[in-house]
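Number 173 marks the last residue of the sequence shown (my numbering); no jumps.
Written below as structure tokens is the structure these notes are about.
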Amino acid sequence: MNNKEKNIKKYLSYKEAHKRIKSSISKEFFLEAITIQESIISDRLLSHLIGKGIISFREDDIGHGKVALSSLINKLGKNHSLYNNLDKWRRDRNICIHSMCKSYPGKPTIHVKDFLDMAKHTALFGVKLVKDVQKWHASEIKHNSLIKKKKKCLS
Numbered sequence: 019m020n021n022k023e024k025n026i027k028k029y030l031s032y033k034e035a036h037k038r039i040k041s042s043i044s045k046e047f048f049l050e051a052i053t054i055q056e057s058i059i060s061d062r063l064l065s066h067l068i069g070k071g072i073i074s075f076r077e078d079d080i081g082h083g084k085v086a087l088s089s090l091i092n093k094l095g096k097n098h099s100l101y102n103n104l105d106k107w108r109r110d111r112n113i114c115i116h117s118m119c120k121s122y123p124g125k126p127t128i129h130v131k132d133f134l135d136m137a138k139h140t141a142l143f144g145v146k147l148v149k150d151v152q153k154w155h156a157s158e159i160k161h162n163s164l165i166k167k168k169k170k171c172l173s
């Protein structure tokens, strides 16, 4: 498969992902939106970190859930402009995904209304964060291609 075909497949995946995020939020299926947002964010972070040689994973590791969002965010670095928002969203995402019914034995879960409010807030913040991450990633690609062109001209 050539790069154009790969890019078309990626584009179609992203198009469907954004459609599903919008639809799931409008139908108040916030957990679905959050999980799709994580997929997009992780994909862009992986692209950047692998492309820069900061990390390396086998393709099987990525496809089988062996790459934690927290490790990608940490590899990005605490000084990165997106770090705080990414890490806050990740922590909120973890609460939303794992705490609807899970609690310490004998202790109550979070109140359903509070849980749904947090899930909604996390999904809505995720919409903004996905846009920020995609914008940042696109600017990184543009920046890297300009550097390559300059190096080529200087050779």
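Even glycine gets a Cβ: it sits at the ideal position worked out from N, Cα and C.
Since I believe residue j is in contact with residue i (beta carbons under 8 Å), could you give me their beta-carbon distance rounded to a whole number of angstroms?
i: arginine 109; j: isoleucine 52; result: Arginine 109 to isoleucine 52, Cβ: 12 Å. No contact.
i: arginine 38; j: glutamate 50; result: 7 Å
i: tryptophan 154; j: leucine 100; result: 6 Å
i: valine 148; j: isoleucine 58; result: 5 Å
Please list the terminal residues of the continuous alpha helix (DSSP H) segment that includes residue i.
i: tyrosine 101; result: 101-116
i: glutamate 34; result: 21-44
i: serine 65; result: 48-69
i: serine 89; result: 87-94
Is the beta carbon of residue j closer than 9 Å to that of residue i?
i: serine 44; j: isoleucine 54; result: no
i: leucine 134; j: glutamate 46; result: yes
i: valine 85; j: serine 60; result: yes
i: leucine 67; j: leucine 94; result: yes
Alpha carbon to alpha carbon, how far is residue j from residue i? Give it in angstroms, no decimals.
i: proline 126; j: tryptophan 107; result: 24 Å
i: serine 74; j: isoleucine 80; result: 10 Å
i: aspartate 150; j: asparagine 21; result: 25 Å
i: histidine 116; j: proline 123; result: 15 Å
i: lysine 70; j: serine 157; result: 14 Å
i: aspartate 132; j: histidine 161; result: 42 Å
i: lysine 33; j: asparagine 25; result: 12 Å
Excluding sequence positions up to five away, which residues of its chain have a Cβ less than 6 Å from the Cβ of residue i?
i: lysine 138; result: Phe48
Between which residues of its own chain and residue i is the CB-CB distance below 8 Å, once the five residues before and five after are set aside?
i: isoleucine 91; result: Leu63, Tyr101, Leu104, Asp105, Arg108
i: methionine 136; result: Asp110, Ile113, Cys114, Ile128
Looking only at its own chain, which residues have a Cβ that is under 7 Å from the Cβ of residue i, when we skip the five neighbours before and after it?
i: cysteine 119; result: Thr127
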